[in-house]
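These notes concern the structure reproduced below.
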Amino acid sequence: MQDYVIDFEPPGPLATLRELRAPLDWASLVYRAPQLALAPKGDGRPVMLIPGYGTDERSMRPLGHYLEFLGYDVYDWAQGRNRGDVENDIQRVGKRTKEIHDARDNAPVTLIGWSLGGVSAREAARLFEPYVREVITLGTPIIGGPKYTSVGRRFAEMANLDLDAFEMEVHQRNSIGIKQPVTSIYSKTDGVVSWRASVDSYNP
Numbered sequence: 001m002q003d004y005v006i007d008f009e010p011p012g013p014l015a016t017l018r019e020l021r022a023p024l025d026w027a028s029l030v031y032r033a034p035q036l037a038l039a040p041k042g043d044g045r046p047v048m049l050i051p052g053y054g055t056d057e058r059s060m061r062p063l064g065h066y067l068e069f070l071g072y073d074v075y076d077w078a079q080g081r082n083r084g085d086v087e088n089d090i091q092r093v094g095k096r097t098k099e100i101h102d103a104r105d106n107a108p109v110t111l112i113g114w115s116l117g118g119v120s121a122r123e124a125a126r127l128f129e130p131y132v133r134e135v136i137t138l139g140t141p142i143i144g145g146p147k148y149t150s151v152g153r154r155f156a157e158m159a160n161l162d163l164d165a166f167e168m169e170v171h172q173r174n175s176i177g178i179k180q181p182v183t184s185i186y187s188k189t190d191g192v193v194s195w196r197a198s199v200d201s202y203n204p
C-alpha cells in the first residue's frame, strides 16, 4: 500500500468561531441572486440532498429550492436529523437512492452531501453503484474521518473511537476508487473541517 503521511491539523478555535458568520453568509445570497439566476439550467435529473452531522433536511432547503429553480428534481434523504450513525446511514442513503432511481424510470441519482452527509454519499456510491450518477460533497472530511475536524476529539469520546485507527480504515476504504464522477467543494476558511482533509486525492 502507498505510504500514507498526513501533516495537517484540525481548524483552531478562532477558525471555528468564524463559523458564527454563517447566517450573514446566507443573507448575502440575496445580493447574489441575479448572478445565481444565470447559472446553467438543469435537465430534470433527480438529486438527493444529505444533511451534515447534527442537522436535518431543513438545513439543505435553501440549496434544494435553488436547484429546483434551476430545473432539477430534488429529494431529501427522509431520515430526519443526521446523528452520525454513518454505517447505517450509508445503507439508508443507498436504499433511498434506489427508491428514487426506480420511481424515476431507472434514472441514476446525483447525491449531494454536506460535511458528514458527504461521507454517506461517497460510500453509498460505492455500494449502490448502479443507482448513483455522481457525487458532490460540501465541506466533507474525506481524509481522516473526524480526526481533522474541530469536533473530532469530542466525537471520538462519545463514540469510543480511536481516531488514528479509524483514519487508517478511512484511507483503506478511500483507496478503492469511486467509479462515478466525484466533486469536492470546500473553503480554505472552513472552521469545522480542515480544508486539506476535503481535497480528494483518491478520485482526481
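So that you can map any letter, position 139 of the sequence shown is 139 in this note's numbering, and since no number is skipped, the others follow by simple counting.
Even glycine gets a Cβ: it sits at the ideal position worked out from N, Cα and C.
For the beta strand (DSSP E) that residue i lies in, which residues bound it at each end?
{"i": "glycine 113", "result": "109-114"}
{"i": "threonine 137", "result": "132-138"}
With 16 other CB atoms within 10 Å as the buried threshold, where does residue i fall?
{"i": "leucine 127", "result": "exposed"}
{"i": "glutamine 172", "result": "exposed"}
{"i": "lysine 147", "result": "buried"}
{"i": "arginine 154", "result": "exposed"}
{"i": "alanine 189", "result": "Here the sequence assigns threonine to residue 189, which means alanine is not the residue at that position. Threonine 189 should be labelled exposed."}
{"i": "asparagine 88", "result": "exposed"}
{"i": "histidine 65", "result": "exposed"}
{"i": "aspartate 200", "result": "buried"}
{"i": "glutamate 9", "result": "exposed"}
{"i": "serine 175", "result": "exposed"}
{"i": "methionine 60", "result": "buried"}
{"i": "serine 198", "result": "buried"}
My output table needs one value for residue i: the three-state DSSP class, helix, strand or coil.
{"i": "glutamate 9", "result": "coil"}
{"i": "proline 34", "result": "helix"}
{"i": "arginine 122", "result": "helix"}
{"i": "aspartate 102", "result": "helix"}
{"i": "serine 201", "result": "coil"}
{"i": "leucine 24", "result": "Note that leucine 24 scores a pLDDT of 49, beneath 50, so its modelled location is shaky; the value from the coordinates is reported in the next line. Residue state, collapsed to three classes: helix."}
{"i": "glycine 117", "result": "helix"}
{"i": "glycine 94", "result": "helix"}
Task: beta strand (DSSP E) segments (min. 3 residues) lying fully within the stretch 37-90 - done: Listed in chain order, they are 46-50 and 73-76.
TODO: State whether the stretch 100-118 contacts the stretch 37-49, with contact taken as three or more CB pairs (one from each stretch) at a distance under 8 angstroms.
DONE: Yes, since at least three Cβ pairs between the stretch 100-118 and the stretch 37-49 fall closer than 8 angstroms, the two stretches touch.
TODO: For the stretch 33-43 and the stretch 57-73, state whether three or more C-beta atom pairs, one from each stretch, are separated by less than 8 angstroms.
DONE: When Cβ pairs closer than 8 angstroms are counted between the two stretches, the stretch 33-43 is seen to touch the stretch 57-73, the count reaching three or more.
Task: Inside the stretch 146-195 only - beta strand (DSSP E) runs reaching at least 3 residues - done: For the stretch 146-195, whole beta strand (DSSP E) runs of length 3 or above, ordered along the chain, are 182-185.
TODO: Could you tell me whether the stretch 74-90 touches the stretch 133-140, where touching means 3 or more Cβ pairs closer than 8 angstroms?
DONE: Judged by Cβ distances under 8 angstroms, the stretch 74-90 makes no contact with the stretch 133-140, as fewer than three pairs qualify.
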